[in-house]
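Undergrad: Residues 5 to 250 in my numbering are what the sequence shown lists, from first letter to last. I have a structure I would like to understand better, so I am pasting it below and will then ask my questions one at a time.
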Amino acid sequence: MDLNVLIKGKKLTDNELQILDYLLANTAAIDGLPLREIAKAIYTSPATIVRLAQKLGFSGYLELLYFLKNRLKNQTITEAAIDYQIDTASIADTIDAIKEIYGRNKDKFITIYATGFSGIVAEYLHKKMLVNGIKTLLVSASDSGGIISNNIENISMLITISKSGETQKVLEKMALANEHHIPTVLFCGNGDHRANQLATFSFEVTDERPYDTQNIQYTSFFGKLLLLMEYIVDAFTHVEKENQQP
């Protein structure tokens, strides 16, 4: 158990921290022992242990001990080792080109459009960019079609996500961007599709379930897509840092 979780926001003395350390390390051994014996073992008084329990938000020592026992019993940690590497060399030129567009148009919005499950990823990308100070506009399928067309002069690039590369509404937004000479960045699954033909820049993420349009089966597509987006946002933030250098 992480001791910091238990004491967060509490001001404990060194003596109280030592008592808590002992209780955590010996929870099983002290279970059932009289409080007086436990206090004696750590050279303190029963009242001190009770006050510590109350300071941590428990009614008394027994409630604290019950909490510790159950946390230890239920705390089963399994390390999920997932190793996925981005082939940064193969996308370096594309990343540099997108960074250049962003660097020249930081006063404009990066607009993101996606639908369905891809829309969830688009929302994550939108928020990730916002917290990094990047001007971003998120447009979903439920939004008015005029949001993009009415802001066309203030859009630096259009980012779209389509697992199949054949999402009709995505194709329409990409075609609109092309009409107004706005660069389009596409994130898609593998395969030959219409979206690739409309994209200025395309990032292809391996999709082992290309025909699972309802996303029912296991797929690593969205997980890998999120990791790739993290890498790209990091590239954008480096533009900010480079511009701040004297």
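Cβ atoms here follow ideal geometry from the backbone N, Cα and C, with glycine treated the same way. Just so you know, these numbers come straight off a predicted model, no measurement behind them.
Alpha carbon to alpha carbon, how far is Gln241 from Asn136?
TA: The sequence position of residue 241 within the sequence shown is 237, counting from 1. The sequence position of residue 136 within the sequence shown is 132, counting from 1. The sequence shown places Thr at residue 241, not Gln. In a straight line, the C-alpha of Thr241 is about 7 Å away from that of Asn136.
Undergrad: Over the uninterrupted beta strand (DSSP E) stretch that includes Tyr117, give me the two end residues.
TA: Mapped onto the sequence shown, residue 117 falls at position 113. Where Tyr117 is concerned, the enclosing beta strand (DSSP E) stretches over 113-117.
Undergrad: Between which two residues does the alpha helix (DSSP H) carrying Phe121 extend?
TA: Taking the first residue of the sequence shown as position 1, residue 121 is located at position 117. Its alpha helix (DSSP H) spans residues 120-135.
Undergrad: May I ask you to report which of helix, strand or coil DSSP gives Ile90?
TA: Residue numbering aside, residue 90 sits at position 86 when the sequence shown is read from its first letter. If DSSP states are grouped into helix, strand and coil, Ile90 belongs with coil.
Undergrad: Thinking just about the alpha-carbon of each residue, which of Leu230, Thr223, Thr210 is nearest to the one in Gly193?
TA: Position 189 of the sequence shown holds residue 193. It is Thr210.
Undergrad: Can you tell me whether Leu180 is helix, strand or coil according to DSSP?
TA: Residue numbering aside, residue 180 sits at position 176 when the sequence shown is read from its first letter. Residue state, collapsed to three classes: helix.
Undergrad: Checking 8 Å against the spacing of the C-beta atoms, do Phe173 and Phe225 come in under that value?
TA: On the sequence shown, position 169 is the one that residue 173 refers to. On the sequence shown, position 221 is the one that residue 225 refers to. Position check: residue 173 holds Lys in this sequence, whereas Phe was assumed. Not in contact: Lys173 and Phe225 (Cβ atoms no closer than 8 Å).
Undergrad: Distance, Cα to Cα, Phe191 vs Gly150?
TA: To locate residue 191, count along the sequence shown from 1; it is residue 187. To locate residue 150, count along the sequence shown from 1; it is residue 146. Whole-angstrom Cα-Cα distance: 23 Å.
Undergrad: What is the C-beta distance between Thr140 and Thr164, in whole angstroms, given that I count them as a contact (C-beta under 8 Å)?
TA: To locate residue 140, count along the sequence shown from 1; it is residue 136. To locate residue 164, count along the sequence shown from 1; it is residue 160. Actually they do not touch by this definition, with Cβ atoms about 14 Å apart.
Undergrad: Is DSSP giving Phe226 helix, strand or coil here?
TA: Indexing the sequence shown from 1 puts residue 226 at position 222. Helix, per DSSP.
Undergrad: Just to confirm before moving on: does the CB-CB distance between Ile90 and Leu230 stay below 8 Å?
TA: Looking up residue 90 in the sequence shown gives position 86. Looking up residue 230 in the sequence shown gives position 226. No, the Cβ-Cβ distance between Ile90 and Leu230 is not below 8 Å.
Undergrad: State the Cα-Cα distance for the pair Met233 and Ile99, rounded to the nearest angstrom.
TA: In the sequence shown, residue 233 corresponds to position 229, counting from 1. In the sequence shown, residue 99 corresponds to position 95, counting from 1. Their backbone Cα atoms lie some 11 Å apart in a straight line.
Undergrad: Is it the case that the Cβ atoms of Ser144 and Phe113 are separated by a distance below 8 Å?
TA: Here residue 144 is taken as the residue at index 140 of the sequence shown, counted from 1. Here residue 113 is taken as the residue at index 109 of the sequence shown, counted from 1. Contact: no.
Undergrad: Suppose you measure from the CA of Ala93 to the CA of Asp216; what does that come to, to the nearest Å?
TA: The residue you call residue 93 lines up with position 89 of the sequence shown. The residue you call residue 216 lines up with position 212 of the sequence shown. Distance between the alpha carbons of Ala93 and Asp216 is about 30 Å.
Undergrad: Less than 8 Å between the beta carbons of Leu56 and Glu20, yes or no?
TA: On the sequence shown, position 52 is the one that residue 56 refers to. On the sequence shown, position 16 is the one that residue 20 refers to. Result yes, Cβ atoms of Leu56 and Glu20 sit closer than 8 Å.
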